[in-house]
Amino acid sequence: MANVAIIPARSGSKRVPLKNVHPIDGVPLMGHVVRGALSSGLFDDVVVSTDDQSFASVADSYGASVPFVRPGALSDDHTTTVDVIHHAVQSLGLEARDQVCCIYPTAIMTTRESLRHAIETLHQTGAMFCFPVARFRSPPSRGLRLSKETSLLEPVNVAKTETRTQDTEPVWYDAGQFYWAAAESWSTRVSIHQNGCGIEVPWWQAIDVDEPEDLEVLEFIYHFRNRRPHE
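Numbering-wise (the numbering used here), the sequence shown opens with residue 546 and increments by one.
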């Protein structure tokens, strides 16, 4: 039984163009992720699934395998993570019991400890998927929405408006880092969130790059967490 990391890195991001190869300390984000997966000691192979030859060259230069080119039909804004990893599992000819970890190419705050904890939790629970989650720092039930008609704010849940924060139910969100599952689970192409378990990570590890300012936050935290003692 093999452990394989698959990093999905398409080139067509519209909100943050070329985010997968945005450099931090002179290394593309994808390069950081490849290095982290290789140095974790958890994987027999680290594979990048991409539709872009320049991305493939970056992946190769940091030690990842790029054994296939992802077809254009699996590289648009509507393609799901499950679709991409299912294609990779088939292309690599993986066995049903092989363990596959999808790691996003901007998830540079992923730690070896989290990766190990997640696969151990996956096996302990018998769930189909396991992934890191972070706790909402402010209760979603006390959130506000902006009315398009009046431009005024209104509570998402009026009944919870006066509820104390400490009395609200804790809620977690997908940290957007990685997902562990057996190859056969990826091939069922079911919902990750409806068939998974989670491990908790701190909020500062869960920086998902969806907007340009997310890159600034990610870079700040990366430098803060990796600063040298004499600095």
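Just so it is clear, CB atoms sit at the ideal spot from N, CA and C, and this is done for glycine as well.
Legend entry - Cβ pair Gln644, Trp725 closer than 8 Å: For the purposes of this step, residue 644 is identified with residue 99 of the sequence shown, where counting begins at 1. For the purposes of this step, residue 725 is identified with residue 180 of the sequence shown, where counting begins at 1. Yes, the Cβ-Cβ distance between Gln644 and Trp725 is below 8 Å.
Inset, instruction - Look up Ala720 in the DSSP assignment and say whether it is helix, strand or coil. - result: Translated into the one-based positions of the sequence shown, residue 720 becomes position 175. If DSSP states are grouped into helix, strand and coil, Ala720 belongs with coil.
Legend entry - Segment limits, beta strand (DSSP E) that includes Ala547: Within the sequence shown, residue 547 is the residue found at index 2, counting from 1. Looking at the DSSP string, Ala547 is not in any beta strand (DSSP E), and its letter there is neither H nor E.
Legend entry - For Val592, the first and last residue of its enclosing beta strand (DSSP E): Mapped onto the sequence shown, residue 592 falls at position 47. Run containing Val592: Asp590 to Ser594, per the beta strand (DSSP E) assignment.
Legend entry - Paired residues, beta bridge with Phe674 - DSSP: As a first step, residue 674 is located in the sequence shown; it is residue number 129 there, counting from the start. Gly741.
Inset, instruction - Would you check if the distance between the CB atom of Ala582 and the CB atom of Ile664 is smaller than 8 Å? - result: As a position in the sequence shown, residue 582 is number 37, starting the count at 1. As a position in the sequence shown, residue 664 is number 119, starting the count at 1. Against a cut-off of 8 Å, the Cβ pair of Ile664 and Ala582 comes out as no contact.
Legend entry - For Glu764, three-class secondary structure by DSSP: Within the sequence shown, the letter at position 219 stands for residue 764. Glu764: helix per DSSP, three-state reduction.
Inset, instruction - Under 8 Å Cβ to Cβ from Pro774, same chain only, skipping five residues before and after it: list those, please. - result: Numbered from its first residue, the sequence shown carries residue 774 at position 229. With a pLDDT of 48 at Pro774, under the threshold of 50, the modelled position of that residue is not reliable, and the figure given next carries that caveat. Result list for Pro774: empty, nothing under 8 Å.
Legend entry - Ranges of the alpha helix (DSSP H) found wholly within the region 556-593, counting only runs of at least 4: 574-584
Inset, instruction - Kindly identify the DSSP beta-bridge partner or partners of Arg680. - result: Here residue 680 corresponds to residue number 135 of the sequence shown, with the count starting at 1. The partner list for Arg680 (beta bridge, DSSP) reads Trp717.
Legend entry - Test item: CB-CB of Val716 and Phe769 under 8 Å: The sequence position of residue 716 within the sequence shown is 171, counting from 1. The sequence position of residue 769 within the sequence shown is 224, counting from 1. Cβ distance not < 8 Å, so Val716 and Phe769 don't count as in contact.
Legend entry - His775 - DSSP class collapsed to helix/strand/coil: Translated into positions along the sequence shown, residue 775 becomes position 230. Because the pLDDT at His775 is just 43, under 50, the model does not fix this residue reliably, and the value given afterwards should be weighed accordingly. Residue state, collapsed to three classes: coil.
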